[in-house]
Structure formats: C-alpha cells, structure tokens
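Data block below; observations after.
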Amino acid sequence: MIKDTEILVIGGGPAGLCAASAAASLGAHVLLCERDYVPGGQLVKQTHKFFGSEKQYAGDRGIHIGQRLVEDVANNPNIEVLSEATVLGMYEDGIVTVLHDNRHLKIRPKKTIVATGAAEKFLAFPGNDLPGIYGAGAVQTLMNVAGVKPAEKVLMVGAGNIGLIVSYQLLQAGVEVAGVIEAAPHIGGYLVHASKLRRAGVPIRTRYTVKEAYGTDSLEGVVICQLDESWQPIPGTEENIPCDTLCLAVGLTPLTELCWQAGCDMAFIRELSGHVPIVDENLETSVPGIYAAGDVSGIEEASSAMVEGRLAGFSAAGALGYQPEKAKELCAAAADELRELRSGPTGAKIMAGLSKVAAKQKAEKGGACIC
Amino acid sequence: MLIETGIPTPEDIQSVTPSEERFRKGPVAIAECFQKIPCNPCTKACVKQAIRVEPDINETPKIDYDVCNGCGACIARCPGLAIFVVDKTYGENEALVKLPFEFLPIPEAGQKACGLDRSGKELGWFRVEKVIPGGKKNMTYTICLAVPKELAMEVRNIRVGGYQNG
Ligand SMILES: Cc1cc2nc3c(=O)[nH]c(=O)nc-3n(C[C@H](O)[C@H](O)[C@H](O)COP(=O)(O)OP(=O)(O)OC[C@H]3O[C@@H](n4cnc5c(N)ncnc54)[C@H](O)[C@@H]3O)c2cc1C
Ligand code: SF4
Ligand code: SF4
C-alpha cells in the first residue's frame, strides 16, 4: 500500500523538527521519519549550553532545546512522527521507501525535506581498528544517552567544537582526559570552550597528530608526534600517551546518500565539509519538490539548522498553496536570521561555501534556460 | 597564545580588566570572551543592561563597569562559562571571586577548595563562601571563593572534589 502525504520530512534533528513545525503551522500535513528510537538528532546528547541568540534558545542546554522542539511537533495535530523509521530510498517516480517495524513502507509525498544531518569522519593511522578507538559521537551517546562511563582515560583528537565539548563532558562524567591534540596550528572550536577545558587542567596541543595506536586486545596507548609547517611529522618528537580510549573528533561530513539517489545536483564544497546538494534561496534542490536543510547541506550549527528547517518548511508549505503570502514573509524573515547568524568571522567560511553553491545554482539554471 | 593553548594571554586579560579605581567601588563582572562568535545570552542576562554585544551578535561583549553592580546574574547564563565577578572590597586582605562550576561533587559553603588558574595550575586552598545553584533548567552553579587579593585576577576555577572541612 502506498501512503500519501503532503510533506515528508526525513530526519528528526533540529532541522527536521523545525521544518515539520513550520510547515504544519501554515496548515500543511507532515509526516516525519526518524531512524533513531527518539527524534532530537544531535541534540539528545548535547548536555552543554548552546551559543547563538535568544531566538534560537541560546544559553539553554542542547537536550532542553531538543525536548522543546520534540514537544512542539508532538503537540501539533498536523504532524505525524514515525520513529525507528529509516528512509532507504527516493525514486524517480516520487516514491520514498522506509523501513519501519520490520516492514517496508512506501510513501508518496508531494514535497520532501531532507534533513538527515551528518556523519563523522575517521582518521587513518596504524592500529586504528583497535577496540577503544571511537568517534566522538559514539562516546557522547554512550555517556549522555546510555549513561555509561565510556573510558577511564581518554586522548581526544581534534580541537574543534566537538572535540572540546566532548572532552569537557568526559571530565564531567569523571573520565580523565589526557589531552586534546590538533593537527592544525590553531584551535578550531570556540576559544571559550578551549579555555574552560584548559583551566580544568587539560592540555591542548596544536600541531600534533596520532602516529600510531597500540595494544594487544584493546587500546593501551597512543604515540603522538609534532607536525611542521607543512604538516609533516617532525622526527624525534614522538611521545607515548598511555590511555584506554582514543576519541576522534576530526570533523563531520554531510549525510547525502538520499540526495544523490534522488538525482539532486551535487557539488563538492570544501567550506561546507563535503558533497552537498545545490539548493536555491528557498533551500529547494535541483529536483523540484525536494528540499535540503541543516547539516546535510553543509556542516554548521544547530542554531542555523533550526532556521534552515523553518525556511524549508515554510517554502514547502507555501508551494503547496498554504498561505503563500505569509509563507513568503516568513521565509524572508528566516533568511534574515540566517544572514545575521553567519555575518561574523566564524560564519565567513559558511558564507564562502554558500556563495559557491549559489553560483553553481545560477549557472545551472542559466544553462537550462539556454537549452 | 590563546588560539594555540586555550589560555588567554596577560594582554588579553589586561584588555578586559576594570581599573583599580573601579575595583575600589565594589564587585564587578569581567567577561573573558575574546573571540568574535555568534553569541549573546549575556546581554539578556543582565537586567541593568550593563553588557552589550554590538553592533551585531558576532561582536565580543563589552561590560559597562559603571553600570555593573557585580550581582553575578550573568555568570551562570553564559554558555561559554566566560564571565567572572571579582570583588576586591570583600575583606582587608581577601577578594571574592565568583566563578561558574559544572562538576560533581559541588563544594559546600564553609569548605575549602583548591583554586586553579587559567591553565589549571593549583594556586592554594581557599574558603568557599557561598554556592548558588543555577536552578533546574540552567544547572550551572556559581561558586563564591575568598582568595588573597593578589590572586583575584588569577583564580578562575576549582579542582573537583577533595574539599576540606573547616
Ligand atoms: C558534540 C557536538 C556539540 C555541538 N554543539 C553545538 C552548539 O553548542 N551549538 C550549536 O548550535 N550546534 C552545536 N552542534 C551542532 C549541531 O548539533 C548540529 O549542527 C545540528 O544537530 C544539525 O542538525 P540537523 O537536524 O541538520 O542534523 P542532526 O541533528 O544530525 O539530525 C539528523 C537526524 O536525521 C536522522 N536520519 C539520518 N538519516 C536518516 C534516514 N535515512 N532516515 C531517517 N532518519 C534519518 C538522524 O538519526 C538524526 O536524528 C554540536 C554538535 C556536536 C556533535
Ligand atoms: S554582574 Fe550583574 S550587573 Fe554586572 S553585568 Fe552581570 S548581571 Fe549585569
Ligand atoms: S554569553 Fe558568554 S560566551 Fe556568549 S558572548 Fe556573552 S560572554 Fe561571550
């Protein structure tokens, strides 16, 4: 049986939840599929207080922001949420297939908003398959969702926000953090996060990388070494760090399989951390009726993911004829909010990436006209 | 350098330190937030509007030390845990440092805690004068620590646990 729906939202992170609420607020009927047990996305494990402005609940803890977004969706009669529902495929005839409750569902949406978030990157080095080597997301899930102390002593790789924040949360869980190493010459995450870790006694060492990991049955230690100006290991700088866990926080990359499968035009944009779907100002991809919002269209922040979700939700509902004038106004307001969030130095990289997307989008549209 | 180690330089700290004249008037907030990031909850936390992030959300916070009365309401609201209150008028030889804290166990008033500087180095054992819970939602504690006056601009954290009674 094929289930018809007006708007299908894929992914229940901040982008997907806000997209669903926004579209439903204009009157559209929404089905939201989340592959996890509960919606919330990355927010279910973020126990720290978020940045941003009041408009995106800054100062509140990520988990609380997630709970609020989930409640908004749960209380909206226009939204149906399917948890443990993994979207498997998007086909040319507009059918989307979903694995739910051991059944294969077929859904025919009028509009689809892809908000699948991101996947963690991994690092290549000898011994990287030893038990005890995790991605930061796994460690955070064990600790903050399952309530399991994931390690006794950890070395963190990566001084971006994720590496810094997960290190701080490990300390809060009573785990010893031997240090944070970072291959780049500078700390990439917010310096206030770095400072609070540092004053708890955790050394942060830039221009260091993992040379190898060792251990018999599981990780027993890591050899790190210093890098020179051209990112080459400096001989003789090796250092042994005994630890039972090595945590990798070396970046995220957009989870775009469904966009590829749906035939969306894609481009590799370094600033956005990987291949991303080319979208227009309403976040619609090159396939009419398919939108992309949040980390899937470029790794950024929950604050911008929420606003992008709203923007996609309003434009999809407006395009279906639900209060199109109001939808247009709300889209413009969301676009302004995004511009403000991205106006500073930390947003400059994202802006550079997005302008490449815009250029490609124009070029492709232009091309279509000529044909 | 701050961007290599996470430790603000003496110049960074100097740039946000109120004058001795201001310190003589009583408690005052100091925002050790040196990087332009999109963040502004501190501005909403201060009912006296002593903290401004202007012209846009990416600016670093500026505290008007003449308006700030050192109440400390902003400390727990800052997601970067970057705001401290220093009161150099607290005692003859002692200053009071109010700092944010998010670890268990929480010390109790009257106990002594080991004070740490911005690099986590131990500076000595200091009396906890007061502990202010952030509440159910905020959850960040504010620890008020009596420290020797000359360490008022050095102590920025306490070591977790091992608190001494009396
Ligand atoms: C440690 C850490 C700290 C962070 N701190 C901050 C911070 O302080 N401030 C801030 O603004 N941001 C922060 N972020 C970033 C923020 O969490 C993300 O940018 C944000 O969650 C992205 O939202 P999203 O909805 O795009 O993706 P996600 O939150 O990743 O949600 C995507 C959802 O889609 C689901 N999904 C994926 N594929 C499918 C499928 N095929 N079918 C069904 N469901 C699917 C996933 O299960 C997931 O629930 C942090 C991130 C991390 C990891
Ligand atoms: S200490 Fe009180 S008055 Fe001073 S900036 Fe903070 S909230 Fe405002
Ligand atoms: S809330 Fe804290 S981290 Fe954010 S701008 Fe204000 S002082 Fe800086």
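Line by line, the protein sequences are chains D and P. Each residue of the first sequence is one higher than the one before, starting from 11 at the first, in the working numbering. Each residue of the second sequence is one higher than the one before, starting from 20 at the first, in the working numbering. Don't be surprised by glycine CBs; every beta carbon is placed ideally from N, CA and C.
The stretch 239-307 of chain D is shown to contain whole beta strand (DSSP E) runs of 3 or more residues at 249-252, 255-258, 262-264, 276-279, 284-287, 300-302, in chain order. Within the DSSP bridge table, the entry for Met-100 of chain D names D:Val-106 as partners.
Set against 6 Å, the gap from the CB of Ile-70 of chain P to the closest heavy atom of ligand 2 is smaller. Less than 7 Å divides the Cβ of Gly-91 of chain P from the Cβ of Thr-161 of chain P.
For His-74 of chain D, the three-state secondary structure derived from DSSP is helix. With fewer than 16 other beta carbons inside 10 angstroms of its own, Pro-195 of chain D counts as exposed.
By the beta-carbon neighbour count (other beta carbons within 10 angstroms, threshold 16), Leu-123 of chain P is exposed.
The straight-line gap separating the alpha-carbon atoms of Phe-145 of chain P and Ser-34 of chain P is approximately 27 Å. At a cut-off of 7 Å between C-beta atoms, Glu-310 of chain D does not count as an interface residue with respect to chain P. Among the CB atoms of chain P, none fall inside 7 Å of the CB of Leu-364 of chain D. Ligand 1 has a heavy atom closer than 6 Å to the beta-carbon of Thr-126 of chain D.
The nearest non-hydrogen atom of ligand 1 is less than 6 Å from the C-beta of Val-176 of chain D.
In the DSSP secondary-structure assignment, Ala-129 of chain D is bridged to D:Thr-263. A distance below 7 Å separates the beta carbons of Glu-64 of chain D and Lys-63 of chain P. Pro-355 of chain D belongs to the set of residues whose beta carbon lies under 7 Å from a beta carbon in chain P. The shortest CA-to-CA distance from Glu-121 of chain P to any of P:Asp-85, P:Ile-70, P:Pro-80, P:Ile-177 is the one to P:Ile-177. Where Thr-216 of chain D is concerned, the enclosing beta strand (DSSP E) starts and stops at 214-216. When the beta-carbon positions are compared, Glu-222 of chain D and Phe-132 of chain D stay at least 7 Å from each other. Excluding five sequence positions before and after Val-289 of chain D, the CB atoms of its chain that fall closer than 8 Å to its own CB belong to Thr-295, Tyr-301, Ala-302, Ser-307, Val-367, Gln-371, given in chain order.
In this structure, Cys-90 of chain P has its CB at a distance of at least 6 Å from all heavy atoms of ligand 3. Between the alpha carbons of Lys-155 of chain P and Asp-70 of chain D lies a gap of roughly 11 Å.
Closer than 7 Å to the CB of Arg-320 of chain D there is not a single CB belonging to chain P.
Each of D:Ala-32, D:Thr-122, D:Asn-86 was checked against the Cα of Cys-269 of chain D, and the nearest Cα belongs to D:Thr-122. For the stretch 148-231 of chain D, the full-length beta strand (DSSP E) segments reaching 3 residues or more read 163-167, 186-192, 214-216, 218-224 along the chain. Contact check for Val-176 of chain D and Cys-253 of chain D: beta-carbon distance about 15 Å, past the 8 Å limit, so the pair fails to qualify. Within the same chain, Gln-66, Tyr-67, Ala-68, Gly-69, Asp-70, Arg-71, Gly-72, Ile-75, Ala-312, Ser-313 come within 8 Å of Phe-60 of chain D by CB-CB distance, once the 5 residues on both sides are set aside.
The C-beta of Asn-88 of chain P comes no closer than 7 Å to any C-beta of chain D. Relative to ligand 2, Cys-43 of chain D has its C-beta separated by 6 Å or more from all heavy atoms. Closer than 7 Å to the CB of Tyr-218 of chain D there is not a single CB belonging to chain P. Interface annotation, Val-202 of chain D: in contact with chain P, CB-CB separation under 7 Å. Within the stretch 166-186 of chain D, those residues whose Cβ lies closer than 9 Å to any Cβ of chain P are, in chain order, Ala-169, Leu-174, Tyr-178, Leu-181, Gln-182, Gly-184. Contact between Gly-304 of chain D and Ser-31 of chain D is ruled out by a C-beta separation of about 14 Å, above the 8 Å threshold. DSSP places Ile-20 of chain D in the strand class (E or B) of the three-state scheme.
Not one heavy atom of ligand 2 is found less than 6 Å from the C-beta of Ala-114 of chain P. DSSP places Lys-121 of chain D in the uninterrupted beta strand (DSSP E) bounded by 113-124.
Non-local C-beta neighbours of Pro-80 of chain P in its own chain, meaning closer than 6 Å and more than five positions away in sequence, comprise Ala-50, Cys-52, Cys-61, Ile-70, Val-72, ordered along the chain.
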